[in-house]
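Heads up: the structure comes next, in structure tokens.
There are 2 protein chains.
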Amino acid sequence: MTSAVKTLELLTFFSAARPEIGLSQFRRLTGRDKATTYRHLQALEDTGFVEQNPETRRYRLGPAVLQLAQLRERTVPRKTSVEIPLRALAEATGETAHVSVLSGSNLHRLHSVESHQHSTRVVIDLQILPLHATASGICALAFGPEDLMETALRNLEQFTDHTLTTAESLITATRRARDTGFGVADRSLEEEVYSLSAPIFDQSGLLAGAVSVASVATRITARLERVIQENLIAASRQITLNWGGATPEDLETRWAETLSTSPQMESAT
Amino acid sequence: MTSAVKTLELLTFFSAARPEIGLSQFRRLTGRDKATTYRHLQALEDTGFVEQNPETRRYRLGPAVLQLAQLRERTVPRKTSVEIPLRALAEATGETAHVSVLSGSNLHRLHSVESHQHSTRVVIDLQILPLHATASGICALAFGPEDLMETALRNLEQFTDHTLTTAESLITATRRARDTGFGVADRSLEEEVYSLSAPIFDQSGLLAGAVSVASVATRITARLERVIQENLIAASRQITLNWGGATPEDLETRWAETLSTSPQMESAT
DNA sequence: AAATGACGGTTCATTATATGAACCGGTGAA
DNA sequence: TTCACCGGTTCATATAATGAACCGTCATTT
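Top line first, the protein sequences correspond to chains X and S.
Under the numbering used here, the first residue of the first sequence is numbered 1223, with each subsequent residue one higher.
Under the numbering used here, the first residue of the second sequence is numbered 1223, with each subsequent residue one higher.
What follows is the structure in structure tokens.
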């Protein structure tokens, strides 16, 4: 491991619960020598990545990170930052992957990537996704602002004979999403489409959107569903990270539970 | 110089004008060997500080900086606390207002706000402000730690033909700032920019940074300068307060003297 | 189609830099 | 007083950083 990586690793020990860290504490956390750790901290201080609280002599994050973050925000739009994980998701599942963002009470399509593995595949051609009839929408209702449900209930347009058109069925589906960590839409928008979705969070700590896989319904098996779930988790984690957010602990727990109770099977990446 | 510092320095080459940088371009910018630079970039990529645009193969800032900035903001919400007075300052003067913070012997840009009053305005795109060529820098030298002058004198790079490049002229400018309570930089960094600056203090009682107004030089009149000075004082007082500091009595006295000896005129807020 | 040059990336002997055991001086507790 | 722990420093040693030369690829030029 390079010393630069070792140096940068120090920064990962900061958290909301541990915003200031002293030299000895760093030494314990890293298991590295005190002198080494001290020099690493010096390098970080020289470059403004950490600064020393003059009162406690402990180190905290410095101003340099603010400027870099500002620049990253300005130069890497959300659509671009979604490209890589979305492509990976489409590859791994062999289906169409897409990301939508919540803006007000509308869920807008941000980007989608189709896999070339099968000749039949789902094409997303909506710009605004109905909350009650898509996996992304169910996710938004489950993990987004509470008043979103009111908006959703105001429009329960029937698209297929599987569309959830009653308040009761929609609330049940939403509750299931909250429990499992995944939104599901089984042929509720289009006759042949089965979708799974996971929520995305940004720096505000609130739901920012959802990442979904839309499959051809007849292709779905327990095995494929499992693969999609595993890869949705990875994609959601990465996009949340890219958008400056953090995956809630509770959600991680739900995912773990959902995967452990589904048919046992080795992971596919 | 440690390899960690060399690695971290790569990040300073990113800017709004240069959001993506390729390996060869980095090599030219740093003057270091290509293999070295490549390994540095690998370290940054491993830790998420940069990522590679898969299309262009060039590097851009990565998601890690967002995480850290979020934490820094929550821990040390200086940037947030500066937003309101800075916006007021920009409105009142019709010019670009910015705040920089002193970390070690570097003056980092923390935040800037541009006024939309004029179509021509100053855009701050430096991350680290040179001590000898900016109003903020002169302020830091005048009101900051004494050993800062040594650092400043070690690098008197000439940016324009107005840049203070002699120890004598820099010391004179610093003394004038101490006397008047304002740092001045008259076309010393950019040909068209005239800057005025006031110091900011924090809970330690020491200089924490500076708040400045950067004007288009040809727009400066005695009247505008007066308006800027008055509003700089208000901004400095408020930010110092927000950061848990107190404006030194002596400084208040200097400001009062400076305003009373400048052409009489009613205040503009 | 051969030559050119710029690009990102890799190799390996050499050398410079990172490392850690031991050491300081200061502080607070027993 | 002693003791433990803190942040910070020193210096011989060992390890990791370095850069000249290399590779393959891709456009552009001749």
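All residues carry an ideal CB built from backbone N, CA and C; glycine is no exception.
(message) Under DSSP, the beta strand (DSSP E) around A1430 of chain X begins and ends at which residues?
(response) 1429-1438
(message) Suppose you measure from the CA of A1453 of chain S to the CA of T1382 of chain S; what does that come to, to the nearest Å?
(response) Looking at the sequence provided, one finds Asn at residue 1453 of chain S rather than Ala. Spanning the two alpha carbons is a distance of roughly 28 Å.
(message) Can you pull the chain X neighbours of T1278 of chain S, defined as C-beta to C-beta under 7 Å?
(response) The contacting residues do not exist; T1278 of chain S stays about 11 Å from chain X at best.
(message) Any beta carbon of chain X sitting closer than 8 Å to that of S1330 of chain S?
(response) According to the sequence as given, residue 1330 of chain S is His; it is not Ser. By this cut-off, H1330 of chain S is an interface position.
(request) Count the other CB atoms, across all protein chains shown, that sit within 10 Å of the CB of A1239 of chain S; report buried if there are 16 or more and exposed otherwise. (result) exposed
(message) With DSSP as the reference, identify every bridge partner of F1423 of chain S, one or two as the case may be.
(response) S:L1429
(message) Output needed for V1272 of chain S: all residues of its chain with C-beta closer than 7 Å, excluding positions within five of it in sequence on either side, in chain order.
(response) L1263, L1266, Y1281, R1282, L1283, G1284
(request) Indicate the three-state DSSP secondary structure (helix, strand or coil) for L1332 of chain X in the structure shown. (result) strand
(request) Pick helix, strand or coil for H1340 of chain S, following the three-state DSSP scheme. (result) coil
(message) Please report whether the beta-carbon of Y1416 of chain X lies at a distance below 8 Å from any beta-carbon of chain S.
(response) no
(request) Name the residue from S:R1279, S:T1297, S:L1429 whose alpha carbon lies nearest to the alpha carbon of V1287 of chain X. (result) S:T1297
(message) With a threshold of 8 Å between beta-carbons, can K1513 of chain S be considered close to chain X, or not?
(response) Outside the shown range of chain S, which is 1223 to 1491, sits residue 1513 of chain S, and nothing can be said about it.
(message) To be precise: take each residue of the region 1307-1335 of chain X, compare its Cβ to all Cβ atoms of chain S, and keep it if any distance is under 7 Å. Which residues remain?
(response) none
(message) Can you check whether the C-beta of D1472 of chain S is within less than 8 Å of a C-beta belonging to chain X?
(response) no
(message) Quick check on E1273 of chain S: does DSSP put it in helix, strand or coil?
(response) strand
(request) Please classify G1427 of chain S: is it buried, with 16 or more other beta-carbons within 10 angstroms of its beta-carbon, or exposed? (result) exposed
(request) Just the chain S side, please: which residues come within less than 7 Å of Q1425 of chain X by C-beta, in chain order? (result) L1288, Q1292
(request) Could you list which residues in chain X have their beta carbon closer than 8 Å to that of P1367 of chain S, in chain order? (result) Result: empty, since nearest Cβ-Cβ is about 11 Å, beyond 8 Å.
(request) Would you verify that the beta carbon of R1282 of chain S is, or is not, closer than 8 Å to some beta carbon of chain X? (result) yes
(request) Would you mind telling me which residues of chain X sit closer than 7 Å to V1433 of chain S, beta carbon to beta carbon, in chain order? (result) Going along chain X, no residue has its Cβ under 7 Å from V1433 of chain S, so there is no contact; the nearest lies around 15 Å.
(message) By the DSSP assignment, the alpha helix (DSSP H) with T1373 of chain X in it spans what residues?
(response) 1370-1376
(request) Mark P1276 of chain S as exposed unless 16 or more other C-beta atoms lie within 10 angstroms of its C-beta, in which case mark it buried. (result) exposed
(message) Between which two residues does the alpha helix (DSSP H) holding A1468 of chain X run?
(response) Neither: A1468 of chain X is in no alpha helix (DSSP H) and is coded neither H nor E.
(request) Starting from G1466 of chain X, find everything on chain S with Cβ-Cβ shorter than 8 Å and list it in chain order. (result) P1285, L1288, Q1289, A1291, Q1292
(request) With DSSP collapsed to three states, give me the class of R1282 of chain X. (result) strand
(message) L1311 of chain X and V1323 of chain X - do their beta-carbons sit closer together than 8 Å?
(response) no
(request) Label S1303 of chain X either buried or exposed according to how many other C-beta atoms from any shown protein chain fall within 10 Å of its C-beta, with 16 as the threshold for buried. (result) buried
(message) Strictly under 8 Å for the Cβ-Cβ distance: is A1226 of chain S near chain X by that measure?
(response) yes
(message) Quick check on P1299 of chain X - is its C-beta less than 8 Å from some C-beta in chain S?
(response) no
(request) Return the CA-CA distance between Q1247 of chain S and A1432 of chain S, expressed in angstroms with no decimal places. (result) 33 Å
(request) Name the two residues that bound the continuous alpha helix (DSSP H) containing H1354 of chain S. (result) No alpha helix (DSSP H) holds H1354 of chain S; DSSP gives it neither H nor E.
(request) Kindly indicate the opening and closing residues of the beta strand (DSSP E) around S1322 of chain X. (result) 1318-1325
(message) I'd like to know whether the C-beta atoms of A1420 of chain X and S1458 of chain X end up nearer to each other than 8 Å.
(response) yes
(request) Would you mind sorting P1299 of chain S into buried or exposed? The rule is 16 or more other CB atoms within 10 Å of its CB. (result) exposed
(request) Take Q1349 of chain S and list the residues in its own chain whose beta-carbon comes closer than 7 Å to its own, dropping the five residues that flank it on each side. (result) T1234, H1330, R1331
(message) Taking its Cβ as the centre, do 16 or more other Cβ atoms sit within 10 Å of S1489 of chain X, making it buried, or is it exposed?
(response) Confidence at S1489 of chain X is low in this model, with a pLDDT of 44, below 50, so the placement of that residue should be treated as unreliable; the coordinate-derived value is given next. S1489 of chain X comes out exposed.
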